[in-house]
Every structure is written in structure tokens, then in C-alpha cells.
Amino acid sequence: MSQQEKRTDRRIVRSRRAIIEAFGRLLEERDIDKITVSAIAREANIDRKTFYVHFGTIDGLLDALAEDLVQTIVDEVEEALDGKAPVEEPERAVHTFFTTINEVVCRNMTLNRRLIESSPMDTLLERVRKPFERLIREQRVVLGEVSPELLEYYTSYVLGGIISVYRHWMLAGSDVSIDRVADVADALTMNGLASLEGQLR
């Protein structure tokens with residue numbers, strides 16, 4: 077890669093980061109539906125064209141944030157499993173999966189909480205469905221031996237449960253720790269899989 081290409085790549089990364097950080101600051105002040113491309117551009121000190129090049133629309137930005145979040149979880153789950161396939165150690169894989177979600181969510185709790193507060197459940201579910209389904213299908217995390225024709229139903233069930241549990245915890249203001257929430261989600265996932273495993277093959 078040439079020096080010019082490296083400089084261009086760094087500019088792209090800086091612009092993208094500036095946009096995301098500006099969006100996060102605005103989200104602390106107002107709901108998602110009150111945030112405009114113009115407001116983000118002013119906050120990030122860029123022109124609107126730069127925003128459109130990177131994300132296209134506000135929905136495009138939100139989709140990118142969901143993709144980034146899930147990709148971070150995927151990368152860290154793979155690293156934690158040391159290259160072992162989840163099907164070889166399903167209990168460890170599920171525990172690692174939920175522990176990683178906790179760590180990623182807590183890194184930017186304010187932004188994640190505001191995103192959840194400002195997004196209807198169906199919108200939130202749809203936004204993270206595709207990247208999470210790829211994680212569940214390709215990495216086979218929280219996935220036992222499930223027949224192909226039932227795979228879509230299983231992933232929808234697991235994904236809906238995961239999002240609902242974490243969304244409820246964030247919005248309820250409960251004294252229950254996020255680690256305890258992960259333990260509950262872990263147990264429900266494993267017990268649910270164990271009880272259905274014979275039927276799903």
C-alpha cells in the first residue's frame with residue numbers, strides 16, 4: 077500500500093469515528109428521530125457529503141453500529157475460544173458468548189442504553205437480526221445440532237430472547253447485575269437447547 081493510500085485510509089477512519097462520536101453526543105441530548113444528518117455533520121465538523129459517503133442515511137449509520145457491535149462480539153468470542161469450534165464445547169461457548177456481550181455492552185453503556193431507549197423493540201430486533209444470525213449460523217455459537225429447515229426458527233427464538241433480556245435489564249433500572257443477567261440467559265439457552273435437542277435434529 078502506498079503512502080497516499082495509507083493517508084486516505086487514515087482519513088476515512090478518522091471521519092467515520094468523528095461521525096459516530098458526534099452521533100453519540102447528540103443521542104445523549106435527544107431521541108434518534110430528532111437527529112438529522114445536518115446536526116451530525118455540524119457536531120462532527122464535516123460536510124454532509126462526507127456523512128452520505130460513509131453511511132448514506134441515519135438508518136445506514138445505525139445498521140453500521142449494529143454490524144460493528146456484533147463483529148466485535150464475534151471476534152472476541154473466537155479469540156476467547158482459542159480456535160475451538162463451539163460445537164466441541166457448547167457450554168463454554170455459550171458462557172463465553174454472554175460474557176462477551178456483557179463486556180462489549182458495558183464499554184459504552186450510555187450510548188447503548190440511549191440506543192435501546194430510543195428504538196422500538198421490533199426496530200431494534202430487525203437492526204441486529206442479520207449480523208447476529210450470521211454469528212449464530214456461521215460460528216454455531218448457542219447452536220446445537222439443529223436441522224437446516226428449523227434453523228431460521230431457532231435463531232429467531234434465541235435472538236429475540238437475548239435482545240429482550242438485555243433490553244429489559246437496561247430499561248428497568250434493576251439492582252440485578254449484568255453478570256447475573258448473563259447467567260440467566262446462559263442457563264435459559266442451554267436448558268432450552270437440552271430440552272429441545274432431540275426434536276430439532
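Taking our numbering, the leading residue of the sequence shown gets 77, the next gets one more, and so forth. Backbone N, C-alpha and C fix where the C-beta goes; we use that ideal spot for every residue, glycine too.
Please identify the residue among the options whose C-alpha is closest to the C-alpha of residue i.
| i | options | result |
| --- | --- | --- |
| F173 | N188, L187 and A156 | A156 |
| Y233 | L264, V252, W245 and D255 | L264 |
| M197 | I239, D158 and N188 | I239 |
| L187 | A94, V89 and E104 | E104 |
| A248 | E209, I192 and L200 | I192 |
| R190 | D107, R87, T112 and D158 | D107 |
| I177 | V153, G136 and S194 | V153 |
| V99 | G237, I122 and R86 | Correcting the residue identity first, residue 99 is Phe in this sequence and not Val. Here the closest residue by C-alpha is I122. |
| T133 | R101, I96, S253 and D158 | I96 |
| L201 | G136, R183, G237 and T175 | G237 |
| T199 | D255, I88 and R243 | R243 |
| A94 | V241, D158 and A120 | A120 |
State yes or no: is the C-beta of residue i within less than 7 Å of the C-beta of residue j?
| i | j | result |
| --- | --- | --- |
| A117 | F127 | yes |
| W245 | V260 | no |
| D262 | V146 | no |
| R86 | H130 | no |
| L102 | I88 | no |
Would you please state the rounded distance, in angstroms, between the beta carbons of residue i and residue j? I believe it to be under 8 Å.
| i | j | result |
| --- | --- | --- |
| M266 | E167 | 6 Å |
For residue i, which residues of its own chain have a beta-carbon under 7 Å away from its beta-carbon, when the five flanking residues on both sides are left out?
| i | result |
| --- | --- |
| S114 | R124 |
Apart from the five residues on each side of it in sequence, which residues of its chain come closer than 8 Å, Cβ to Cβ, to residue i?
| i | result |
| --- | --- |
| R203 | L138, D139, A142 and S195 |
| L235 | L201, V204, R205, F208, E209 and I212 |
Residues in its own chain within less than 6 Å of residue i by CB, not counting five upstream and five downstream?
| i | result |
| --- | --- |
| V252 | none |
| T148 | V180 |
Quiz item: Touching or not, the stretch 228-246 and the stretch 129-145, by the rule of three or more beta carbon pairs under 8 Å?
Solution: The stretch 228-246, when compared against the stretch 129-145, does not touch it at the 8 Å Cβ threshold.
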